[in-house]
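K.L.:
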Amino acid sequence: MSSPRPSGSLLLRASLHAERRRIIAAVALLSCWTAGEALVPALIGATIDHAIAGGTMTQLVLWLTALGLCFAMLSFGYRFGARLGNSGMNRQVHHLRTRIAEHVMAPDYRPQTHRMPGEIATITSVDTDVSASIIRQASLGLSALCGLLVCAAYLLWANLWVGLSVLVITPLGMAALRWLTPRLSKASDNLQADIAASGAAAADLMAGVQVLRGIGGHDQAAARYRDASQRAASAGIVSASASGRIDAAQVLVSGTVLLAAAGLGTWQVLAGHMSIGALLGVLGVAQFLSTPLGTLVSTVEARTRSLAAADRIAALLEDGAESSGDQRPIPRAKCALTIDLPALSDRPLTLAPDSFTVLVCAEDSLRAQLATTLSLGNRQQKAAPNSADSLQHLLLDGIDISLIDPAYLPNLLRLAPHQAHLVEGTIRENIFGEAPVPDPRSLELLLRASGVDELLENFPEGLEHLVQGRGFNLSGGQRQRIALARALAGGPLIRVLQEPTSAVDSVTEANIAQGLLRWREHAQESGTGAGTLLILSTSPTLLHAADEVVFVDRDGSIARSTHLDLCAKSTYEKVVSR
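Numbering of the sequence shown is given in the UniProt record's numbering, commencing with residue 1 and proceeding in unit increments.
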């Protein structure tokens, strides 16, 4: 049973709950800032009334000291409060990005929605920042509310009529601003979605720019990106327009409050109910009201943006989040691999344990279907019942791999795709990862079986030679040899390789075939066994070296024998001849 979808609102609440202690401390410190900002004009007005207008030097020093302490309170309050709010926000950004990475890289990740790599990168980089900004805005918003309360208390204390007018006008203005936020939410949601689409188009364009130039399709691809970018720009204009209207409404509300306070305060001074210093304090506090009021409006605005971004993150986390198997069979070298495809007219194809088999398909579509099944098996693709994909199975000793714990499956099965994917690091790290390097004899045979021994002759650093991201500083054949060594590393496993020598020359390919035989012989002599090895290829050198060749004809019939025996079959000889 699949887990319930983690909605955007739930993600935001979880982020706020996780950082509740930092938010509380940040609100307390930032409240000192907003309260201090509100009290500065009040203290200036009190200094004028009690120290300058007929006061003594001692009173002046005392009031100036109080004003200095107020400045220190608001300065340090903002400094450390903002630090706490930003640290909590950055912690949640890291948490969300880690959660997304773990989700999309999990063995059982089975996306139901087509997403381009650029879109996932945009969600991971942009939407996580926008979503986690709710931490900082919550701290600022609550402290702004404290500042509003301090302002209201002072205004009521200074003069009842002025205070009441501010307390009436301010909520009405906030209600008007609240009416505009749904439009901003929709505009922000469209903006973030179009930014994600343009980022996806840009990433895919840059990834395939060389291929596009080769086939003359770069103009069409550029036009596609231009359209996506223009949609994002149009959405940005709409979003900025909605945000601008809210900012204008905020200025209007703040100006109305200030005018009301100034008019009523002047009337009260003329009536003898207020002093000049109190009037200056009231005007300063009324003018400062725009700051906490604007912060509250920004908090509402930021919540709508954070919610839109969190909804996209939740949709990504929900996509492909389905239950998977939990079986953990004991790893062993004598493990049989069974491939069950509806296109095979005979019974399912079962490979003998600890054998070296090369699979040849006469029909390209059947070969593509088989390669797809093996690639999906690496992600434990489990289709819905009664669908076409539900009839495609990979079984280990009779156990469907969809029933095996995906985190445990790499201990039993290693499926190496045709395209070599290398990461930034040394050659040793790309082959063995964090696992220890085997003994010298095993390492020598492994490097010879993959052709990496010849590759290392060009690098003085040997296995410690640095590889750039995606192997950009290596040729295609060099990348393929390192990927082959990575597939062969480790203990006895079932290994399925797809065209592992297509990018190397014929001499290197022949050396690799002989190296594979010596590597397997050494593993069997040591008593551990090499495990079952299945290669999808039409390479004559690999076909000669294999224990058995399995040929799937156009009608789905299967012929199993050695390469020399199968050469008498015209359809087979036509497929493997070069």
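The C-beta atom is built at its ideal place from N, Cα and C for all residues, glycine as well.
Buried or exposed, going by whether 16 or more other CB atoms sit within 10 Å of the CB of Asp319?
P.N.:
With 16 or more Cβ atoms within 10 Å of its Cβ, Asp319 is classed as buried.
K.L.:
Cα-Cα, which of Glu457, Val552, Val467, Leu307 is closest to Arg367?
P.N.:
Answer by Cα proximity: Val552.
K.L.:
Of all the alpha helix (DSSP H) runs that stay within the bounds of the region 119-159, which reach a length of 4 or more residues?
P.N.:
The qualifying runs are 128-158.
K.L.:
Which same chain residues end up closer than 6 Å to Gly471 when comparing Cβ atoms and leaving out the 5 residues on each side of it in sequence?
P.N.:
Once the five neighbours on either side are set aside, the close Cβ partners of Gly471 are Leu422, Arg479.
K.L.:
With a cut-off of 8 Å, do at least 3 Cβ pairs link the region 452-466 to the region 520-528?
P.N.:
Cβ pair count under 8 Å is below three, so no.
K.L.:
For Thr562, which residues does DSSP report across the bridge?
P.N.:
Its beta-bridge partners do not exist; DSSP assigns none.
K.L.:
Between Leu156 and Ala42, what straight-line distance do the alpha-carbon atoms span, to the nearest angstrom?
P.N.:
Those two C-alpha atoms are separated by around 12 Å.
K.L.:
Considering just the uninterrupted stretch of the beta strand (DSSP E) at Gln92, what are its terminal residues?
P.N.:
Counting along the chain, Gln92 falls outside any beta strand (DSSP E), though it belongs to the alpha helix (DSSP H) covering 57-104.
K.L.:
With distances taken between CB atoms, is the gap from Ala485 to Leu497 smaller than 9 Å?
P.N.:
Not a contact, by the Cβ cut-off of 9 Å.
K.L.:
When you compare only the Cα positions, how much space is there between Gly503 and Ser539?
P.N.:
Contrary to the premise, residue 503 reads as Ala rather than Gly in this sequence. Straight-line Cα distance between these residues: approximately 11 Å.
K.L.:
Between Arg448 and Glu499, what straight-line distance do the alpha-carbon atoms span, to the nearest angstrom?
P.N.:
For Arg448 and Glu499, the distance between alpha carbons rounds to 18 Å.
K.L.:
Considering Phe288, what are the terminal residues of the alpha helix (DSSP H) in which it resides?
P.N.:
Phe288 -> alpha helix (DSSP H) spans 276-288.
K.L.:
Report the option in Asn458, Val93, Val360 whose CA atom is closest to the CA atom of Lys574.
P.N.:
The option with the nearest alpha carbon to Lys574 is Val360.
K.L.:
Would you please verify whether the beta carbon of Pro460 is less than 9 Å from any beta carbon of chain C?
P.N.:
The chain inventory of the structure shown lacks chain C, comprising one protein chain alone.
K.L.:
Assign Leu376 to buried or exposed, taking buried as 16 or more other Cβ atoms, counted over all protein chains shown, within 10 Å of its Cβ.
P.N.:
Confidence in Leu376 is poor, its pLDDT being 47 and thus under 50, which makes the residue's placement unreliable; the coordinate value appears in the next sentence. Answer is buried; the Cβ neighbour count reaches 16.
K.L.:
How long is the line joining the alpha carbons of Ala35 and Arg22, rounded to whole angstroms?
P.N.:
Using only the alpha carbons, I get a separation of about 20 Å.
K.L.:
On the three-state DSSP scale, how would you describe Leu307?
P.N.:
Helix, per DSSP.
K.L.:
Assuming Glu548 and Thr357 are in contact, meaning their beta carbons sit under 8 Å apart, how far apart are those beta carbons, in whole angstroms?
P.N.:
Contact flag correct, Cβ pair sits at about 5 Å.
K.L.:
Does the separation of the CB atoms of Glu37 and Gly141 fall below 9 Å?
P.N.:
No, these two residues do not count as a Cβ contact at 9 Å.
K.L.:
Classify Glu525: buried if its beta carbon has 16 or more other beta carbons within 10 angstroms, exposed otherwise.
P.N.:
Exposed: under 16 other Cβ atoms inside 10 Å.
K.L.:
Can you find the residues in the same chain that come closer than 6 Å, C-beta to C-beta, to Leu280, ignoring five residues on each side of it along the sequence?
P.N.:
Same-chain partners within the cutoff: Gly45.
K.L.:
Determine the DSSP secondary structure at Cys361, reduced to helix, strand or coil.
P.N.:
Correct three-state label for Cys361: strand.
K.L.:
What residue does the alpha helix (DSSP H) around Leu29 start on, and which one ends it?
P.N.:
Start and end: 20-47.
K.L.:
Less than 9 Å between the beta carbons of Leu396 and Thr338, yes or no?
P.N.:
Yes, these two residues count as a Cβ contact at 9 Å.
K.L.:
Under a three-way DSSP split, which group does Thr571 fall into?
P.N.:
Thr571: helix per DSSP, three-state reduction.
K.L.:
Nearest-angstrom Cα distance between Thr299 and Gln137?
P.N.:
The alpha-carbon atoms of Thr299 and Gln137 are separated by roughly 5 Å.
K.L.:
So Ile276 packs on Ile52, CB below 8 Å; how close in whole Å?
P.N.:
Contact flag wrong, Cβ pair sits at about 10 Å.
K.L.:
Could you check how far apart the C-beta atoms of Thr122 and Val93 are, in whole angstroms? I think they sit under 8 Å.
P.N.:
Between Val93 and Thr122 the Cβ distance is about 14 Å, and since that is not below 8 Å, they are no contact.
K.L.:
My assumption, with CB atoms under 8 Å, is that Ala545 sits in contact with Ala513. Please give the rounded CB distance.
P.N.:
That pair is a contact at about 4 Å.
K.L.:
Run through DSSP, which three-state label would His418 get?
P.N.:
Three-state result, His418: coil.
K.L.:
Can you name the start and end residues of the beta strand (DSSP E) that Ile494 belongs to?
P.N.:
Residues 494-498.
K.L.:
In this structure, how does DSSP classify Ile339 when only helix, strand and coil are distinguished?
P.N.:
Residue state, collapsed to three classes: strand.
K.L.:
What does the Cβ neighbour count give for residue 585, buried or exposed, with the cut at 16 atoms within 10 Å?
P.N.:
Outside the displayed range of the chain (1 to 578) lies residue 585, so it cannot be described from this structure.
K.L.:
What did DSSP end up calling Asp227 once you bin it into helix, strand or coil?
P.N.:
Looking at Asp227 - three-state DSSP - the assignment turns out to be helix.
K.L.:
Quick check: what's the CA-CA separation for Pro292 versus Arg83?
P.N.:
Whole-angstrom Cα-Cα distance: 19 Å.
K.L.:
Name the residue from Pro440, Ser442, Thr426 whose alpha carbon lies nearest to the alpha carbon of Phe459.
P.N.:
Among Pro440, Ser442, Thr426, the Cα nearest to that of Phe459 belongs to Thr426.
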